[in-house]
Amino acid sequence: MPSKYGINVELINSSPTSYDIDNSRPIAIIGDDTKLNGLSVYNDVELALGAVGEGSVKNALLDLQATNLKTQIIISAFGKDAGEGEVIETQNANKAIAAITALKKSEQELSLKPKFLLCPEYNTSGVWEKLKQIATSLRAIYAIELTSSDEVGIKKELESIQTHRAIISFQKVQRIDKVTRGASVFLIALYAKIMASSDYGFAQTYSNRVIDGVIGIIDTIEYLQGEDCEADRLRAIGVTCIFIDNGIRAWGRHTRDTALGLESLHSIVIFDTIIDTLFESQKEAIDKQVADMIKQLQDDLDTFYRKLIANNVLVGYEISLPSDLNTNEAIAEGEIYIKQEMQEMPLISSVHNKIYRVTKYSQELVKEL
C-alpha cells in the first residue's frame with residue numbers, strides 16, 4: 241500500500257507480452273476396444289498400448305509404434321457390437337460418431353486438446369462428416385481412407401467430400417512387421433513428426449517426405465517425373481499418394497475446399513496455430529480497461545508477427561485499428577477490433593527448367609585448340 245505523503249515509486253513492466261506457441265500435437269484415436277470406454281489420455285504410445293485390449297484402437301497404436309513417434313495419445317473408445325451385416329455396421333459406425341463427438345469435451349475432462357484425429361477402420365460418410373465437424377471445432381487435422389483403389393472410383397468418392405482439414409488417402413501399405421494396413425495413421429504420424437521437429441515446424445508439410453514404419457506399398461500407383469501421371473492427378477484433387485523414390489514417400493498436401501481459397505494444408509495449420517496462440521495470449525485482456533490494453537495488444541502482436549517472419553512462417557503482415565469498425569459505440573461497449581493482414585510463406589510446388597540448345601559457344605572449342 242503506497243504511503244499517504246511523500247514520494248511513491250511503482251515499477252510497471254510495459255515490455256511486450258510473449259506470445260508463446262504451443263507446439264504440442266496430441267493425437268486422438270477413436271475406435272473400438274475390449275477394455276476401455278470413453279476418454280483417456282496417455283503420455284506416449286507405449287503407455288497407451290499397455291492400457292488397451294483388442295480392437296481398432298490397438299491396431300492404430302501399433303501403427304504409431306512402428307513409426308517411433310513420441311507424442312501424447314488421447315483415446316476415445318467404445319465397445320464394438322459383435323456380428324456382421326448392415327445393421328451391426330451401422331450401430332458400430334454410430335458408436336464411432338458418438339466417440340468422435342466426445343472429443344469436444346477433451347480439454348475440460350483431460351486438460352488436453354487433440355491436434356490430429358484418427359478413426360481408422362470406420363470408413364463411412366457419417367464418420368467422415370463428424371470428423372470434419374469436430375476437427376473444425378478443435379482446429380485439428382484428421383485423416384480418412386477412401387475405399388476405392390482406382391482413379392475413376394476415387395474421383396467418384398471425392399464428389400461428396402469438401403474439406404480443408406483432411407489428409408485423404410486410399411492406399412494400403414505394409415508395416416515393418418509385414419502387416420497390411422491403411423496409410424492414414426502413418427501419414428498423421430509423419431505430419432506430427434515434422435511439426436515437432438522445431439518450434440516453427442508447423443509451417444512445414446509432410447509431403448515429399450519419407451514415411452517411417454512402412455516397408456512396402458500394396459496399392460501401387462503411377463508416378464513419372466516431369467510427365468502427367470496418376471500421382472500428380474490425384475494430388476491435384478486433394479488425395480495424398482504414396483510411391484517409392486529414394487524411400488517410400490508421401491505426395492500431396494492440397495485441400496478440397498475451393499470456397500475457403502486456401503489450397504495447401506500447411507496454410508490451414510499456420511493460421512490455426514496463430515489463432516490458438518492469440519486465444520491463449522489475449523485472454524488476460526478481457527475485462528481490463530481499454531486505455532491500459534489497446535496499445536499493449538498492438539505491441540504484443542507486432543512482436544509476435546516479427547518472430548514469425550524471422551522464422552520464415554510469414555512473408556509480411558500489417559496491423560491496424562480500422563475506424564469503420566472501432567466506432568464510438570463499439571469502443572463504449574468495450575469492443576475492440578484489430579485488423580491483421582498477413583501472408584504465409586509459400587511452399588514450392590514445381591520447378592520449371594527451360595533448357596535451350598544453342599551453337600553460340602562453338603568458338604570456345606576453337607580457342608581451346
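One rule links them: number in this note's numbering = place in the sequence shown (from 1) + 240. The C-beta atom is built at its ideal place from N, Cα and C for all residues, glycine as well. What you are looking at is a predicted structure, and each value in this text was computed from that prediction instead of being measured.
**Asked** Does the Cβ of A288 have 16 or more other Cβ atoms within 10 Å, making it buried, or fewer, making it exposed?
**Response** buried
**Message:** So, at 6 Å on beta carbons, what are the nonlocal neighbours of I269 in its own chain, with the 5 sequence-adjacent residues on each side left out?
**Reply:** V297, A300, I315, L358
**Contact between the region 446–462 and the region 410–424 (3+ Cβ pairs under 8 Å)** = Under the three-pair Cβ rule at 8 Å, the region 446–462 counts as touching the region 410–424.
**Request:** With DSSP as the reference, label F318 as helix, strand or coil.
**Result:** strand
**Asked** DSSP beta-bridge partners for Y620?
**Response** The structure shown does not extend to residue 620, since the chain is modelled only from 241 through 609, so no value can be given for it.
**Prompt:** Between M435 and the rest of its own chain, which residues show a CB-CB distance below 6 Å, the 5 nearest in sequence each way excluded?
**Reply:** R265, G441, F442
**Asked** Hey, how far is the Cα of I571 from the Cα of D542?
**Response** 22 Å
**Request:** Taking L502 and H592 to be in contact with their CB atoms under 8 Å, please state how far apart those CB atoms are, rounded to whole angstroms.
**Result:** Contact doesn't hold; Cβ gap of about 24 Å is too wide.
**Message:** Is the beta carbon of I407 closer than 8 Å to that of I428?
**Reply:** yes
**Request:** Mark I595 as exposed unless 16 or more other C-beta atoms lie within 10 angstroms of its C-beta, in which case mark it buried.
**Result:** Counting C-beta atoms within 10 angstroms of its own C-beta, I595 has fewer than 16 neighbours from the protein chains shown and is therefore classed as exposed.
**Prompt:** When you compare each of A317, D284, A306 to E294 by their alpha carbons, which one comes out closest?
**Reply:** A317
**Item:** Collapsed DSSP secondary structure at H506 in the structure displayed
**Value:** helix
**Prompt:** In the structure shown, what three-state DSSP assignment does N593 receive?
**Reply:** coil
**Prompt:** Relative to the alpha-carbon of L565, which residue among G556, I578, R379 has its alpha-carbon at the smallest distance?
**Reply:** I578
**Item:** Among V367, D512, T513, Q536, nearest to L386 - alpha-carbon criterion
**Value:** V367
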